[in-house]
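Data first, discussion second: the structure below is written as structure tokens.
Residue numbers (the UniProt record's numbering), protein chains in the order written: chain A, 1 to 218; chain B, 1 to 204.
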């Protein structure tokens with residue numbers, strides 16, 4: 001399992017691996033927002049948590065179509081399915097590798113981009129905390145979507161359509177934690193809901209992903 | 001470990017292709033699967049490898065014993081030859097990759113990125129993966145595609161050595177590998193098209 005994680009990380013960092021793609025997208029979206037809504041710093045401060053969460057979510061979506069499709073194309077997925085590793089472990093590791101190469105950089109970059117949007121200083125901690133708790137769910141749900149669309153030619157758009165509705169609860173509670181944190185309100189309820197969503201998806205979805213992958217490999 | 005297949009029926013895309021197929025593959029034995037294009041060789045091998053379920057019939061002795069090599073080699077172009085092989089070796093819990101590199105004469109290429117290899121070299125790398133799986137039953141789908149004469153001989157030697165160690169091999173191929181192998185001709189097992197027996201004339 002460690003070998004698979006290391007291989008996926010190595011592939012992501014090598015040429016054409018797509019590492020940094022999500023991060024660059026996140027940066028561009030965040031930089032473009034002040035251009036489109038105007039330079040009122042109070043307005044930017046209000047919308048900053050929501051914009052940062054939405055940007056992170058879309059950046060996560062960007063790299064999902066490569067998550068399993070590349071392994072399917074070159075036959076690795078067939079070979080992994082016949083390897084001693086259970087397919088549930090394979091999809092879990094794939095989701096973890098996606099989170100390390102996409103989710104984690106977004107979490108680390110978020111406070112820097114928060115400065116660009118004039119985000120109130122007390123909100124920084126809760127923005128990072130909410131992204132740290134919420135982005136694993138985005139990767140796991142995305143892996144499920146990638147498993148559903150593996151084998152489809154140009155399934156990327158379908159993948160987005162399938163996955164975006166499933167991202168809604170994570171987005172609502174994640175952005176709510178960041179917003180409440182920024183204005184100094186109590187964050188316990190949305191943070192617990194967010195953590196609950198992440199825990200449930202991490203616990204359950206790998207089984208669903210492995211099941212649909214078995215069907216798709218036939 | 002004997003692989004034993006009894007009364008197997010398989011389908012491709014919902015259409016039955018083979019039915020009533022049965023054979024035994026004992027340790028040390030090689031079985032060459034032959035048949036015209038579209039008869040269901042790949043479907044049969046994928047079914048035995050556990051990648052798809054049969055319609056009916058039993059496959060015994062396949063669990064965790066199969067090393068499958070299909071049309072694609074499962075090679076990552078941005079990893080080197082050594083990295084590719086080491087990955088599969090650690091997935092299958094094998095100790096070293098040197099015997100595999102030696103058997104397919106990949107030592108000179110070991111530090112090259114797999115993306116820079118020729119088609120035949122990639123195939124050799126894909127086949128060398130079989131040696132690091134440590135599994136007794138090799139299920140090979142057209143293993144000699146894009147291999148030159150010398151590489152085919154290397155491959156035949158590798159299969160012979162595998163059989164000598166008590167392994168077995170099920171190979172779909174159109175060329176003569178020079179193996180002392182039995183032939184499984186799939187023609188007689190072609191599925192008869194299902195008669196439509198619940199057709200209601202009143203529908204028209």
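Even for Gly, the Cβ is constructed at its ideal location relative to N, Cα and C.
Use the C-beta contact count for residue i: other C-beta atoms within 10 angstroms, 16 or more gives buried, fewer gives exposed.
{"i": "residue 153 of chain A", "result": "exposed"}
{"i": "residue 202 of chain B", "result": "exposed"}
{"i": "residue 40 of chain A", "result": "exposed"}
{"i": "residue 133 of chain A", "result": "buried"}
{"i": "residue 28 of chain A", "result": "exposed"}
{"i": "residue 188 of chain B", "result": "exposed"}
{"i": "residue 58 of chain B", "result": "exposed"}
{"i": "residue 78 of chain A", "result": "buried"}
{"i": "residue 86 of chain A", "result": "exposed"}
{"i": "residue 174 of chain B", "result": "exposed"}
{"i": "residue 109 of chain B", "result": "buried"}
{"i": "residue 150 of chain B", "result": "exposed"}
{"i": "residue 123 of chain A", "result": "buried"}
{"i": "residue 83 of chain B", "result": "buried"}
{"i": "residue 13 of chain A", "result": "exposed"}
{"i": "residue 114 of chain A", "result": "buried"}
{"i": "residue 33 of chain A", "result": "buried"}
{"i": "residue 130 of chain A", "result": "buried"}
{"i": "residue 162 of chain B", "result": "buried"}
{"i": "residue 46 of chain B", "result": "buried"}
{"i": "residue 132 of chain B", "result": "buried"}
{"i": "residue 165 of chain B", "result": "exposed"}
{"i": "residue 11 of chain A", "result": "buried"}
{"i": "residue 66 of chain B", "result": "buried"}
{"i": "residue 146 of chain B", "result": "exposed"}
{"i": "residue 191 of chain A", "result": "buried"}
{"i": "residue 200 of chain B", "result": "exposed"}
{"i": "residue 87 of chain B", "result": "buried"}
{"i": "residue 48 of chain B", "result": "buried"}
{"i": "residue 143 of chain B", "result": "buried"}
{"i": "residue 73 of chain B", "result": "buried"}
I'd like to check one pair, residue j with residue i: are the Cβ atoms closer than 7 Å?
{"i": "residue 75 of chain B", "j": "residue 100 of chain B", "result": "no"}
{"i": "residue 140 of chain A", "j": "residue 70 of chain A", "result": "no"}
{"i": "residue 48 of chain A", "j": "residue 26 of chain A", "result": "no"}
{"i": "residue 152 of chain B", "j": "residue 125 of chain B", "result": "no"}
{"i": "residue 109 of chain A", "j": "residue 128 of chain A", "result": "no"}
{"i": "residue 65 of chain A", "j": "residue 6 of chain A", "result": "no"}
{"i": "residue 9 of chain B", "j": "residue 56 of chain B", "result": "yes"}
{"i": "residue 212 of chain A", "j": "residue 148 of chain A", "result": "yes"}
{"i": "residue 30 of chain B", "j": "residue 103 of chain B", "result": "no"}
{"i": "residue 130 of chain B", "j": "residue 217 of chain A", "result": "no"}
{"i": "residue 20 of chain A", "j": "residue 63 of chain A", "result": "no"}
{"i": "residue 177 of chain B", "j": "residue 156 of chain B", "result": "yes"}
{"i": "residue 3 of chain B", "j": "residue 96 of chain B", "result": "no"}
{"i": "residue 167 of chain A", "j": "residue 57 of chain A", "result": "yes"}
{"i": "residue 138 of chain A", "j": "residue 30 of chain A", "result": "no"}
{"i": "residue 28 of chain B", "j": "residue 7 of chain B", "result": "no"}
{"i": "residue 40 of chain B", "j": "residue 5 of chain B", "result": "no"}
{"i": "residue 136 of chain A", "j": "residue 198 of chain A", "result": "yes"}
{"i": "residue 45 of chain A", "j": "residue 120 of chain A", "result": "yes"}
{"i": "residue 88 of chain A", "j": "residue 178 of chain A", "result": "no"}
{"i": "residue 184 of chain B", "j": "residue 23 of chain B", "result": "yes"}
{"i": "residue 15 of chain A", "j": "residue 78 of chain B", "result": "yes"}
{"i": "residue 50 of chain A", "j": "residue 126 of chain A", "result": "no"}
{"i": "residue 75 of chain A", "j": "residue 70 of chain B", "result": "yes"}
{"i": "residue 52 of chain A", "j": "residue 94 of chain A", "result": "no"}
Indicate, with yes or no, if the ligand SAH has a heavy atom lying under 6 Å from the CB of residue i.
{"i": "residue 168 of chain B", "result": "Among the components modelled here there is no ligand, and therefore nothing to report on the ligand SAH."}
* Could you tell me which uninterrupted beta strand (DSSP E) segments, each at least 3 residues in length, are contained entirely in the segment 3-54 of chain B, listed from first to last along the chain? => 3-12, 15-25 and 30-34
* Unbroken stretches of the beta strand (DSSP E), 3 residues or longer, contained in the segment 74-146 of chain A -> none
* **Near-chain B residues of the segment 70-83 of chain A - C-beta to any C-beta below 7 Å** => 74, 75, 76, 78, 79, 81, 82 and 83
* Asked: Looking at chain A, which residues of the segment 48-76 of chain B have a Cβ within less than 9 Å of any of its Cβ atoms?
  -> 49, 50, 51, 52, 53, 64, 66, 67, 68, 69, 70, 71, 72, 73, 74, 75 and 76
* Does the segment 180-197 of chain A come within contact of the segment 27-38 of chain B, defined as at least 3 CB pairs closer than 8 Å? -> no
* To do: Pick out the complete beta strand (DSSP E) segments inside the segment 151-195 of chain B, 3 residues or longer, and give them in chain order.
  => 168-172 and 182-185
* Considering only residues of the segment 76-108 of chain B, which uninterrupted beta strand (DSSP E) runs meet the minimum length of 3 residues and lie entirely inside it, listed in chain order? -> none
* Asked: Is there contact here, the segment 164-175 of chain B with the segment 131-151 of chain B, by at least three beta-carbon pairs under 8 Å?
  -> yes
* Is the number of C-beta pairs between the segment 160-173 of chain A and the segment 140-149 of chain A that are closer than 8 Å three or more? -> yes
* Asked: Along the segment 83-117 of chain A, what residues have a CB closer than 8 Å to any CB found in chain B?
  -> 83, 84 and 85
* Listed from N- to C-terminal order along the chain, which residues in the segment 144-161 of chain B have their beta-carbon within a distance smaller than 7 Å of any beta-carbon of chain A? -> none
* **At least 3 beta-carbon pairs within less than 8 Å: the segment 169-180 of chain A vs the segment 75-83 of chain A** => no
* Between the segment 135-168 of chain A and chain B, which residues of the former have a C-beta closer than 8 Å to a C-beta of the latter? -> none
* Mind listing which residues of the segment 180-198 of chain A have their C-beta closer than 9 Å to chain B's C-betas, in chain order? -> none
* Continuous alpha helix (DSSP H) assignments of at least 4 residues falling wholly in the segment 109-149 of chain B -> 119-133
* To do: Return the residues of the segment 86-106 of chain B that lie within a Cβ-Cβ distance of less than 9 Å from chain A, sorted by chain order.
  => 86, 87, 88, 89, 90, 91, 92 and 93
* To do: Note down, one range per segment and in chain order, each alpha helix (DSSP H) of at least 4 residues found wholly within the segment 24-76 of chain A.
  => 41-62 and 69-73
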